[in-house]
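Oh and the sequence shown: position 4 is 38 in our numbering, straight run, nothing missing. From the three backbone atoms N, C-alpha and C, an ideal C-beta is built for every residue, glycine too.
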Amino acid sequence: MGNSDHTIMTPYCLPYQHASADLRLAFAALQERVYPELEPDEAPMHDPALEALSFFVMEGSRVVSYAAVVRFPLHHGEEIFQAAGLSCVATDPDHRGRGLGREVVGTATRAILHSDADIALFTCDRPLLPFYQGAGPWREAVKLRLVGNDKPGALNSDDLGKAVLLRLLSEKARHNAGLFNDTTVNLRFADGNFI
């Protein structure tokens with residue numbers, strides 16, 4: 035008789051930069067299983083400048099669900115906000131339907147909500163909106179466009195066909211809510227980075 039126990043495990047949490055080489059390889063292997071169309075990359079999954087905090091569930095030595103919280107200063111209008119967002123969210127296709135993704139995203143979202151971030155934002159594929167709206171809960175910022183940086187050809191949410199999700203967390207962010215309506219926000223990331 036097989037094990038039908040699908041108890042949801044509490045995700046592990048540690049700074050990505052403190053993860054062992056083997057654990058980083060396991061994170062990358064999950065990304066490759068979930069997104070086989072992406073070219074393998076020797077670079078770390080997360081730019082060290084983004085101070086990624088990794089949340090993950092393991093089954094044996096295999097990472098089966100993952101999400102990271104990244105942090106960065108967001109310069110917009112004449113303000114500087116402390117921003118945080120989700121990155122590299124993935125659940126192994128063989129382990130979907132067990133609530134692992136919801137648990138990892140929920141735990142990562144709670145970490146953002148209990149941080150000193152002013153704003154939480156990230157992008158997702160449009161078909162995943164209902165998942166994030168239920169797991170966060172996150173809300174789509176319909177008239178907000180994100181660009182990676184101000185260089186020609188920079189990654190941006192429109193060209194990538196991504197939905198932008200936003201939460202204004204601090205009083206400062208809520209007071210400046212108008213800055214995030216019907217506008218483009220430059221993330222000022224290094225080339226190739228996006229959220």
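Assigned secondary structure, His-109 (DSSP; H/G/I helix, E/B strand, else coil):
Against the sequence shown, residue 109 aligns to sequence position 75. It is a strand residue.
Got a sec? Which residues, its chain only, sit under 8 Å from Phe-89 by beta carbon, not counting five neighbours each side?
Sequence index remark: in the sequence shown, residue 89 carries index 55 (1-based). Residues of the same chain with a CB within less than 8 Å of the CB of Phe-89, apart from the 5 flanking positions on each side, are Pro-45, Tyr-46, Cys-47, Tyr-100, Ala-101, Ala-102, Val-103, Val-138, Thr-141, Ala-142, Ala-145 in chain order.
For Arg-173 and Lys-196, I'd like the C-alpha separation in whole angstroms.
As a working note, residue 173 is residue 139 in the sequence shown. As a working note, residue 196 is residue 162 in the sequence shown. For Arg-173 and Lys-196, the distance between alpha carbons rounds to 13 Å.
Do Arg-208 and Leu-199 have their C-beta atoms within less than 7 Å of each other?
Position 174 of the sequence shown holds residue 208. Position 165 of the sequence shown holds residue 199. Contact check for Arg-208 against Leu-199 fails: the beta carbons are separated by 7 Å or more.
Cβ shell of Ala-157 (< 8 Å), same chain only, five flanking positions each side left out:
Residue mapping note: residue 157 aligns to position 123 of the sequence shown, counting from 1. Contrary to the premise, residue 157 reads as Thr rather than Ala in this sequence. Shown here for Thr-157: same chain residues with a beta carbon closer than 8 Å to its own, the five before and five after excluded, namely Leu-180, Ser-191, Leu-194, Lys-196, Ala-197, Val-198, Leu-199, Phe-228, Ile-229 in chain order.
If you reduce the DSSP assignment to three classes, tell me which class Ala-197 lands in.
The residue you call residue 197 lines up with position 163 of the sequence shown. Ala-197 falls in the strand class under three-state DSSP.
Please return the same chain residues whose Cβ sits closer than 6 Å to the Cβ of Leu-220, not counting the five positions on each side in sequence.
Residue numbering aside, residue 220 sits at position 186 when the sequence shown is read from its first letter. According to the sequence as given, residue 220 is Asn; it is not Leu. Only Val-181, Asp-184 meet the Cβ criterion.
Report the residue from Pro-107, Gly-168, Gly-111, Asp-128 whose alpha carbon sits nearest the alpha carbon of Gly-119.
Taking the sequence shown and counting its residues from 1, the one referred to as residue 119 is at position 85. Of the listed residues, the one whose Cα sits closest to Gly-119 is Pro-107.
Going by the DSSP bridge assignment, what does Ile-114 pair with across the sheet?
Your numbering for residue 114 matches position 80 in the sequence shown. Partner(s): His-109.
Close Cβ partners of Ala-83 (< 8 Å) along its chain, the five nearest in sequence each way excluded
Position 49 of the sequence shown, counting from 1, holds the residue named residue 83. For Ala-83, the CB contacts under 8 Å within the same chain, skipping 5 residues up- and downstream, are Phe-106, Ala-224 in chain order.
Check Ile-146 in the structure and name its three-state DSSP category.
Along the sequence shown, one-based indexing puts residue 146 at 112. In the structure shown, Ile-146 sits in a helix (DSSP, three-state: H, G or I).
So, helix, strand or coil for Phe-165, using DSSP?
Locating residue 165 in the sequence shown gives position 131, where the first residue counts as 1. When secondary structure is reduced to three states using DSSP, Phe-165 falls in the helix class.
Buried versus exposed, by CB contacts within 10 Å (16 or more), Tyr-166
If you number the sequence shown from 1, residue 166 lands on position 132. Buried, by the Cβ-count rule.
May I ask which residues mark the beginning and end of the beta strand (DSSP E) holding Arg-130?
In the sequence shown, the residue the question calls residue 130 occupies position 96. No beta strand (DSSP E) contains Arg-130, which DSSP labels as neither H nor E.
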